[in-house]
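One structure below.
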Ligand code: DMJ
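In this note's numbering, the protein residues as written are 407 to 862.
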């Protein structure tokens, strides 16, 4: 005898719910449809820049004005240079052509201004080199070589670790108190320039800086937050994997992979061992990385944040998938706390607590999701990417591009579209959903600003 219709219907509903839960509570992700949605947002962000900030560094989309890092008349075209390879990868031909032409027409480094060596290297030098590799336009390489030559005096300190600032015209340096990220995040760009121009000096100087920094690590193996490049003395012993230190670890492993450099490989392994020993908090509430005193390893804070979220990607590149997966889960919890991640949370209490509430359109969490997706093919990372993308559209989109949030709890908007939003955040989201052959991570190494350099 057949059971009554209501009972059969009920059984069907229960079976579907069980199947849905078993599949991780997820629906199929339509990658092509999402890739085209992300592409539309790339165009939206770029068009906002073109309309209100063309020829300047960055767009302020709410006030519909432009920002120049080094004052009016001294634009280094941060957004076009940073965006060129994203536009090319996403097949936005006309827009890429416009960015390319703007660079050729307007970019000049003959400017009497002190610039931040690190930022200009990762964004401008990185963007020009990757633009050159993608277009084969030798004029982009000449611009890169001109810039590289003007930045080189930064390394002329008694320790070989670079000053923070260098004047592009006079070569005068300033800013002796620097940090591991600004000292150790130069070797991929300068090393690529060395290869493309056959001028080894471009590799030797940042490589020496990396080694000098590594040599000053504490007995724990950790590095601090600030160091004087003239005396070689630490100015702050606080150690963590967040801003000011983060990409030093990233470049050690990427230097090994891009240049087959065994010394970088060994410095990377040694450093990550110390990071895992002294900074990791692994417990019921998941895996997190906090702060410690570099001299003793004593925990000084349980703070994690948007910048720290690059670390799962480094674990993927270093072959440590279990840690990469668990840390990415923590990062995604941080993202979902308020629908968009805050700059920093305190993970030490019974609940995550927002410590610093801004969200400057950072890419790191989606960068790690992309590396994990490409390596594991676990669809949960596509779901993460989709969630992050939809949250960004909901909370950060404006009529003329995207803006930072000053507070993720209230979702109050600021007024800036940083150049790395097009260079990184939107690029990683696009790559997540675009056909795999759009960019093969086995053939390139991406710099910290997501500019891909060919592995040779
Ligand atoms: C970018 O300029 C780079 O990723 C850098 O390494 C860290 N900060 C921003 C993005 O958050």
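Where is the CB? At the ideal position from N, CA and C, for every residue including glycine. Predicted model only: the values in this text are computed from it and were never measured.
The region 802 to 813 makes contact with the region 454 to 466; the number of CB pairs closer than 8 Å reaches 3 or more. The beta-carbon distance between residue 481 and residue 474, rounded to whole angstroms, is 5 Å. This is short enough to meet the 8 Å contact definition. For the options 659, 773, 765, the alpha carbon positioned closest to that of residue 725 is the one of 659. If you look at residue 561, you'll find it isn't in any beta strand (DSSP E); DSSP assigns it neither H nor E.
The alpha-carbon separation between residue 479 and residue 462 amounts to approximately 9 Å.
Judged by their CB atoms, residue 505 and residue 495 are not nearer to each other than the 7 Å cut-off. Taking C-beta separations shorter than 6 Å and ignoring five residues to either side along the sequence, the partners of residue 437 in its chain run 839, following chain order. Under the three-state reduction of DSSP, residue 639 is assigned to coil, being neither helix nor strand. Note on geometry: alpha-carbon atoms of residue 476 and residue 606 lie some 30 Å from one another. For residue 452, the secondary structure class from DSSP, reduced to helix, strand or coil, is helix. Residue 464 carries a strand assignment under DSSP once its states are collapsed to helix, strand and coil. For residue 826, the distance from the CB to the nearest heavy atom of the ligand DMJ is below 6 Å. By the neighbour-count criterion, in which a residue is buried when 16 or more other Cβ atoms sit within 10 angstroms of its Cβ, residue 666 is exposed. Secondary-structure assignment with DSSP links residue 750 through a beta bridge to 711, 762. Here the distance from the Cβ of residue 855 to the nearest heavy atom of the ligand DMJ is below 6 Å. Residue burial annotation: residue 652 is buried, with at least 16 other C-beta atoms found within 10 angstroms of its C-beta. Contact between residue 809 and residue 467 holds, since their C-beta atoms are separated by about 5 Å, short of 8 Å. In this structure, residue 545 has its CB at a distance of at least 6 Å from all heavy atoms of the ligand DMJ.
When only Cα atoms are considered, residue 743 and residue 647 end up about 21 Å apart. A check of alpha carbon separations from residue 775 across 717, 685, 818, 817 identifies 717 as the nearest.
Comparing alpha-carbon positions, the option among 554, 722, 760 lying closest to residue 782 turns out to be 722. The region 592 to 653 is shown to contain whole beta strand (DSSP E) runs of 3 or more residues at 632 to 634, 640 to 642, in chain order. In the three-state reduction of the DSSP assignment, residue 517 falls in the coil class, being assigned neither a helical nor a strand state. Assignment of residue 579 by DSSP, reduced to helix, strand and coil, places it in the strand class. In the structure shown, the three-state DSSP call for residue 475 is coil.
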